[in-house]
Structure formats: C-alpha cells, structure tokens
Amino acid sequence: MSFLKVEDEDLEESPWEATPTKPSRKILPDRTRAARDKANEKLVEFIVKTKGADKHLLAILKSHKPSRWLKEFLTSNQCVICTETYLEDEKQLDLVVQYLQDIYKEIDVKTLPRINGDRIKFVLDVLLPEAIIYAISAVDDLNYKEAEEKYIKGPSVSRREREIFDEEILEKKKLQLLKAEKDSVDSV
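What the sequence shown shows, in the UniProt record's numbering, is residues 1 to 188, in sequence order.
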C-alpha cells in the first residue's frame, strides 16, 4: 500500500483554510411541527366536535363567569393587527373560528353594545383564547391557570425550526439588499 508523500509546507494551514466551513447538509423535514399539529387536533376535536368548551364559553358570554380576555378586550383601545392563536395549522384554526362564530350568537345583550360590533375581533381576542385554554386544561389535565400559562407561552419551537426560520429571514434580507443595489445601479 502506498501513501501520498506530503511536503511540510503543505501541512501548514493557509489563512482561508483556518476557519472551519460548515458542512453542507440536507435539511430533512422537521417533524416537530407535524407533532404539534397532531396534538392540537385533540384541542380542535374537544372544542368543535365534542363541544367541550361550550359551557365555559357560554358562561363568559352571559356574564356568569369572569374572563381575563374579555376584560382586556373591553378595556383596550388598541388596534391589534396580529393575534397569536396557538394553533399553527390554518385548517384547524379556520374550523375553530368558524365554530366560535356560531357560539358568538349567544352573547349577552348587555355585553353586545360594548364590543362595538366587531365580531371577528371579539372571536379572535376573547372566544378563541378562552376555548383553547379550556381545551388545553381538559385535554392535558391541567388547571385553568396552568393551561393559560401554556397558551401564553405558545407552542415550543425546536432549535432546527428556529435555524430554518432564521435562514429564511437572512435569505429574504439578502434578496432585498441585492434588489436595492440593483435598483440603485439602474437609476444611475
């Protein structure tokens, strides 16, 4: 067996070889999102199919039960553009929101004028969090406060998901920068 003879000068690292390069790796599909969607399917089923949150929601709508989310909705003058929903799957979210719009029809007449006719905002800011928190409480066997903390914390995101997200943002920024440079060259 023969080996290549390497000269001593070839063993020295050149400056561009000194920094290790990240090996290119194939990104496999991340299964954590699919697992969260599957777990959230239980919440959707509890809310929509078994109507498990109905009594809780109706008690809030008829002013029989206090709600942090209702209180914030009624006292807030801010226009919120983005609402955190906990559910990441659009189909699941649509199914729950559509169901909650039917529940909304049972609202107490005393509360109705105070929401300024903004049904969608009310459903997203009050009924959706209440329904999901109540479902988390029932499905995960947690008390309401623990379920609310879990809801507020949101779904856990894996390190790989975060890396992919960061890479996507960097790629978009690079494209924007290249486009801006191209536009400035074209205008000259």
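Ideal Cβ placement from N, Cα and C applies to all residues, glycine included.
Notebook entry, point to check: Buried or exposed: V44, going by 16 or more other Cβ atoms within 10 Å of its Cβ?
Noted result: buried
Check N40 in the structure and name its three-state DSSP category. helix
Please report how far the alpha carbon of L93 lies from the alpha carbon of T85, in whole angstroms.
-> 8 Å
>> Nearest by alpha-carbon distance to E149: which of R160, Q176, S137 is it?
In response: S137
Take L58 and list the residues in its own chain whose beta-carbon comes closer than 6 Å to its own, dropping the five residues that flank it on each side.
Cβ neighbours of L58 within its own chain (closer than 6 Å, five residues either side excluded): E106.
Taking all protein chains shown into account, do 16 or more other C-beta atoms lie within 10 angstroms of the C-beta of L178, making it buried, or fewer, making it exposed?
exposed
What do you reckon, are the CB atoms on E130 and I60 nearer than 8 Å? The Cβ-Cβ distance between E130 and I60 falls below 8 Å.
So for A53, helix, strand or coil by DSSP?
In the structure shown, A53 sits in coil (DSSP, three-state: anything other than H, G, I, E or B).
Nearest-angstrom Cβ-Cβ length linking E90 and D37, presumed shorter than 8 Å: About 10 Å; that fails the 8 Å criterion.
Next item on the list: Would you grab the beta carbon distance between Y144 and F122 for me? Rounded to a whole angstrom, and I think it's under 8 Å.
Entry: Actually they do not touch by this definition, with Cβ atoms about 21 Å apart.
Looking only at its chain, what residues have a beta carbon closer than 6 Å to the beta carbon of I115, apart from the 5 residues adjacent to it on each side? F122
**Q.** Where the alpha helix (DSSP H) through V123 begins and ends
**A.** Where V123 is concerned, there is no enclosing alpha helix (DSSP H), given that its DSSP letter is neither H nor E.
Range covered by the alpha helix (DSSP H) that runs through D141: Looking at the DSSP string, D141 is not in any alpha helix (DSSP H), and its letter there is neither H nor E.
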